[in-house]
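To start, the structure under review is shown below, and the notes come after it.
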Amino acid sequence: MSQHSAITLHELSFAWPDGTPAIERVSGSFSTGRTGLVGDNGAGKSTLLRLIAGELRPSSGRVDVSGEVGYLPQNLTLRADAPVAELLGIHRTLAALRAIESGDVDQAHFDAVGDDWDIESRAAESLDAIGLGGMALDRCVAELSGGEAMLVAITGLRLRGTPITLLDEPTNNLDRSTRAQLGQFVDAWAGTLVVVSHDRELLERMDHTAELFAGGLETFGGAYSEWELHREQEAAAAAQAARAAQQALKVEKRQRVEAETKLARRERTAAKTQRDGGIPKVLAGNRASKAQVAAGSMRGTLDGKVDAAQAVVDAADARVRTTKHITLVLPDPEVARGRRIAEITAGERTLVVQGPERVAVIGPNGSGKTTFLTGLLAGGDPVPGRPHGKLLTDRVGLLPQRLDGLAEEASALENVRAIAPGTPDGTIRNQLARMLLRGSAADRPVATLSGGERFRVSLARLLLADPPAQLLVLDEPTNNLDLASVEQLAEALDAYRGALMVVSHDFPFLQRIGIDTILELDRSGGVRELRNWEDAEQ
1 MSQHSAITLH
11 ELSFAWPDGT
21 PAIERVSGSF
31 STGRTGLVGD
41 NGAGKSTLLR
51 LIAGELRPSS
61 GRVDVSGEVG
71 YLPQNLTLRA
81 DAPVAELLGI
91 HRTLAALRAI
101 ESGDVDQAHF
111 DAVGDDWDIE
121 SRAAESLDAI
131 GLGGMALDRC
141 VAELSGGEAM
151 LVAITGLRLR
161 GTPITLLDEP
171 TNNLDRSTRA
181 QLGQFVDAWA
191 GTLVVVSHDR
201 ELLERMDHTA
211 ELFAGGLETF
221 GGAYSEWELH
231 REQEAAAAAQ
241 AARAAQQALK
251 VEKRQRVEAE
261 TKLARRERTA
271 AKTQRDGGIP
281 KVLAGNRASK
291 AQVAAGSMRG
301 TLDGKVDAAQ
311 AVVDAADARV
321 RTTKHITLVL
331 PDPEVARGRR
341 IAEITAGERT
351 LVVQGPERVA
361 VIGPNGSGKT
371 TFLTGLLAGG
381 DPVPGRPHGK
391 LLTDRVGLLP
401 QRLDGLAEEA
411 SALENVRAIA
421 PGTPDGTIRN
431 QLARMLLRGS
441 AADRPVATLS
451 GGERFRVSLA
461 RLLLADPPAQ
471 LLVLDEPTNN
481 LDLASVEQLA
491 EALDAYRGAL
501 MVVSHDFPFL
511 QRIGIDTILE
521 LDRSGGVREL
531 RNWEDAEQ
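The sequence shown begins at 1 in the UniProt record's numbering and counts up one residue at a time.
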């Protein structure tokens, strides 16, 4: 495989309109082949992809690419009004075809079509290949599940076949079988592929792993597990070097103190000898002058050694990576064990959720999981043949899959203040800071935030609700979160004393939070209660 660079970054910087830096002087390159781009939430991965795709203009520096770039944004499912043709990226070609068919011979239409006269039939074949055959190209995203929308968009990128493709969290909302299908797509992907993801299985399919960390981009020639081992070895070596440097600094400082003590002792002896008249004053003065010069030289040498040792410590400390993770403490809603929270009717059976019970709702893409949650929260008439429910409390907190309950132009602080008007701004800022949205980040418009940052704003709205929610309804809560943040969320939910209803394809996460009841939906409207996770794997 050729290893020339498909994407090169030259001192690339980008700042938001308020001056907050998102990326500063990043240089590096992405080789041909498949690269997984990793890094903590807020490191700037999504911003970097948008700069490469041309959606953002750099504040300084530049991006060089070797060909046309296709791009799958992280916030794809926020565009609920987009038609399937636009998700596929063929809407302009289709519009030009329709114009030509109607008799419009404008050259611009022929330029837009190019060689894609069969684009409609190829689109139909591609949709059929992913199990969505017969889908109308004018159907809206809002009518698709989050997973279906993501799969359609990825299919469109394959259909267009750009030399360079950027995927930002492509496994969001995908069920297990669809993730496997995406993996097959990735294995056979033609051209250069850069994938931002927190999905270990997908990252293992990459040829290279690149990390955006502390303002730098480092690329490693191997898949995620190899890179992770390499990073652990580097971290251990850096920590050892820092300890050794600290020890060397202590030795130099001790020798400096010992030398100063000897010099002080000599000076006292010389002064006593001069007072006692042991030697002539002229000779004593010459000796004192020479002693001062020698002492000054010794001090300078020792100070230089201490400064050099301190510089080594500083350099070694700079190699030791320090990461920051969100801190979550969910409020205690004080739900009694006998308190009835909700009723879920599935077929002939009605399940009563009471006390701090935890319910997982699983099933393939398109089975109606989000629709079920929407109906439960809206309290509308049940859809015949579909599972439905009824809330028995008005203290409910929702974390929607699309994270679309936020005011886009308002800041994170303003979004939280809207649901907690009586809470002091200082309290809100402290809560946002615990979620790594500190200082100016809390004042930026939500529209400029990454998916992980949007999630944290939405979660902060739940945490500051007064009174606290007795039931938390979470729809794909691990989307867009780095692995450390998923761990923090799991620990917080595991300790939460209210009721939970969670839709997720992330089975390890569900197992971590102590699920009591597993409901599995299917595309035909059926529902079954599973006894254990082994049944869910089948």
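Where a beta carbon is used, it is the ideal one built from N, C-alpha and C, also for glycine.
Please go through the same chain and pick out, in chain order, the residues whose beta-carbon is closer than 7 Å to the beta-carbon of residue 43, but skip the five residues on each side of it.
Numbered from its first residue, the sequence shown carries residue 43 at position 43. Cβ neighbours of residue 43 beyond the five flanking positions: 212 and 213.
Flag this pair as touching only if the region 456-467 and the region 435-442 have three or more C-beta atom pairs under 8 Å; answer yes or no.
Result yes; three or more Cβ-Cβ pairs closer than 8 Å.
Could you pull out every unbroken alpha helix (DSSP H) segment of at least 4 residues lying fully inside the region 141-212, listed in chain order?
146-160, 176-187 and 200-203
In terms of residue numbering, what span does the alpha helix (DSSP H) encompassing residue 426 cover?
Position 426 of the sequence shown, counted from the first residue, corresponds to residue 426. 425-434 is the extent of the alpha helix (DSSP H) around residue 426.
Quick one, which of 104, 202 and 33 has its alpha-carbon nearest residue 169's?
Indexing the sequence shown from 1 puts residue 169 at position 169. Per the Cα distances, 202.
What is the rounded straight-line gap between the Cα of residue 164 and the Cα of residue 21?
As a position in the sequence shown, residue 164 is number 164, starting the count at 1. As a position in the sequence shown, residue 21 is number 21, starting the count at 1. If you take the alpha carbons of residue 164 and residue 21, they lie about 26 Å apart.
What residue from 47, 304 and 339 has the CA that sits closest to residue 256's CA?
Here residue 256 refers to the residue found at position 256 when the sequence shown is read from its first residue. That would be 304, whose Cα lies nearest to the Cα of residue 256.
Pick out the complete beta strand (DSSP E) segments inside the region 34-72, 3 residues or longer, and give them in chain order.
34-38, 60-65 and 69-72
Could you check what DSSP says for residue 8 in three-state terms: helix, strand or coil?
One-based indexing of the sequence shown puts residue 8 at position 8. Assigned with DSSP and collapsed to three states, residue 8 falls in strand.
Check residue 539 in the structure and name its three-state DSSP category.
Residue 539 lies beyond the residue range present for the chain, which begins at 1 and ends at 538; the question has no answer from this structure.
Kindly indicate which residue of 73, 145, 69 and 51 has the alpha-carbon position closest to the one of residue 63.
For this step, residue 63 is matched to residue 63 along the sequence shown. Closest option to residue 63, Cα to Cα, is 51.
Along the chain, where does the alpha helix (DSSP H) that runs through residue 107 open and close?
Position 107 of the sequence shown, counting from 1, holds the residue named residue 107. First-last of the alpha helix (DSSP H) with residue 107: 107-113.
Looking at the structure shown, is residue 597 part of a helix, part of a strand, or coil, going by DSSP?
The structure shown does not extend to residue 597, since the chain is modelled only from 1 through 538, so no value can be given for it.
Give me the Cα-Cα distance between residue 363 and residue 102, rounded to the nearest whole angstrom.
Here the question's residue 363 lines up with position 363 in the sequence shown. Here the question's residue 102 lines up with position 102 in the sequence shown. When rounded, the separation of the alpha-carbon atoms in residue 363 and residue 102 is 44 Å.
Between which two residues does the alpha helix (DSSP H) holding residue 353 run?
The residue given as residue 353 occupies position 353 in the sequence shown. That residue, residue 353, is in no alpha helix (DSSP H); its beta strand (DSSP E) goes 349-354.
Could you check if residue 444 is buried or exposed, using at least 16 other CB atoms within 10 Å of its CB as the buried criterion?
The residue you call residue 444 lines up with position 444 of the sequence shown. Residue burial annotation: residue 444 is buried, with at least 16 other C-beta atoms found within 10 angstroms of its C-beta.
To which residues of the same chain is residue 509 closer than 7 Å at the C-beta, ignoring the five residues directly before and after it?
Here residue 509 is taken as the residue at index 509 of the sequence shown, counted from 1. So the list reads 478, 486 and 490, once near-sequence residues are dropped.
For residue 333 versus residue 498, is the C-beta spacing smaller than 8 Å?
The count along the sequence shown starts at 1 and reaches residue 333 at position 333. The count along the sequence shown starts at 1 and reaches residue 498 at position 498. One thing to note: residue 333 has its Cβ within 8 Å of the Cβ of residue 498.
Could you name the residues that DSSP lists as bridge partners for residue 501?
As a first step, residue 501 must be located in the sequence shown, where it is residue number 501. Looking at the DSSP assignment, residue 501 forms a beta bridge with 359 and 473.
Taking only the alpha-carbon atoms, compute the straight-line gap between residue 353 and residue 401 and give it to the nearest angstrom.
As a position in the sequence shown, residue 353 is number 353, starting the count at 1. As a position in the sequence shown, residue 401 is number 401, starting the count at 1. Cα-Cα distance, rounded: 22 Å.
Along the beta strand (DSSP E) that carries residue 31, what are the first and last residues, could you check?
Residue mapping note: residue 31 aligns to position 31 of the sequence shown, counting from 1. Element bounds for residue 31: 21-31.
Return the first residue and the last residue of the alpha helix (DSSP H) that residue 346 is part of.
Translated into the one-based positions of the sequence shown, residue 346 becomes position 346. First-last for residue 346: 340-346, but that is the beta strand (DSSP E), not the alpha helix (DSSP H).
Would you tell me roughly how many angstroms separate the C-alpha atoms of residue 253 and residue 306, rounded to the nearest one?
Here the question's residue 253 lines up with position 253 in the sequence shown. Here the question's residue 306 lines up with position 306 in the sequence shown. If I take the Cα positions, the gap works out to 6 Å.
Roughly how far, in whole angstroms, is the beta-carbon of residue 473 from the beta-carbon of residue 397, given that I think they are within contact range, below 8 Å?
By 1-based counting over the sequence shown, the position of residue 473 is 473. By 1-based counting over the sequence shown, the position of residue 397 is 397. About 7 Å separates the two Cβ atoms, so the contact holds.
Across the region 146-160 and the region 123-133, are there enough close Cβ pairs to call them in contact, namely three or more that are closer than 8 Å?
yes
Hey, how far is the Cα of residue 351 from the Cα of residue 452?
The residue you call residue 351 lines up with position 351 of the sequence shown. The residue you call residue 452 lines up with position 452 of the sequence shown. Straight-line Cα distance between these residues: approximately 33 Å.
Please classify residue 327: does DSSP put it in a helix, a strand, or coil?
Looking up residue 327 in the sequence shown gives position 327. Correct three-state label for residue 327: coil.
Less than 8 Å between C-beta atoms, sequence neighbours within five positions excluded: which residues of the same chain meet that for residue 431?
Position 431 of the sequence shown, counting from 1, holds the residue named residue 431. Counting only Cβ-Cβ distances below 8 Å, and skipping sequence neighbours, we find 416, 460, 463 and 464.
Along the chain, where does the beta strand (DSSP E) that runs through residue 216 open and close?
As a working note, residue 216 is residue 216 in the sequence shown. 216-220 is the extent of the beta strand (DSSP E) around residue 216.
Quick check on the burial criterion: 16 or more other C-beta atoms within 10 angstroms. Buried or exposed for residue 511?
The sequence position of residue 511 within the sequence shown is 511, counting from 1. Answer is exposed; the Cβ neighbour count stays below 16.
If you measure between the beta carbons of residue 34 and residue 205, is that distance less than 8 Å?
Numbered from 1 along the sequence shown, position 34 holds the residue referred to as residue 34. Numbered from 1 along the sequence shown, position 205 holds the residue referred to as residue 205. Result yes, Cβ atoms of residue 34 and residue 205 sit closer than 8 Å.
Cα separation between residue 329 and residue 336?
By one-based count along the sequence shown, residue 329 stands at place 329. By one-based count along the sequence shown, residue 336 stands at place 336. Between the alpha carbons of residue 329 and residue 336 lies a distance of about 20 Å.
Please classify residue 532: is it buried, with 16 or more other beta-carbons within 10 angstroms of its beta-carbon, or exposed?
Residue 532 sits at position 532 when you count from the first residue of the sequence shown. Exposed, by the Cβ-count rule.
So, for residue 207: in the same chain, excluding its five sequence neighbours on each side, which residues have a beta-carbon less than 6 Å away from its beta-carbon?
Within the sequence shown, numbered from 1, the residue matching residue 207 stands at position 207. The beta carbon of residue 207 sits closer than 6 Å to those of 33 and 34, all from its chain and outside the five residues before and after it, given in chain order.
Can we say the region 112-124 touches the region 90-98, given the rule of at least three CB pairs closer than 8 Å?
yes
Quick one: grab the DSSP three-state call for residue 1.
Within the sequence shown, residue 1 is the residue found at index 1, counting from 1. Unreliable placement is indicated for residue 1, whose pLDDT of 41 sits below 50; no coordinate value is reported for it.
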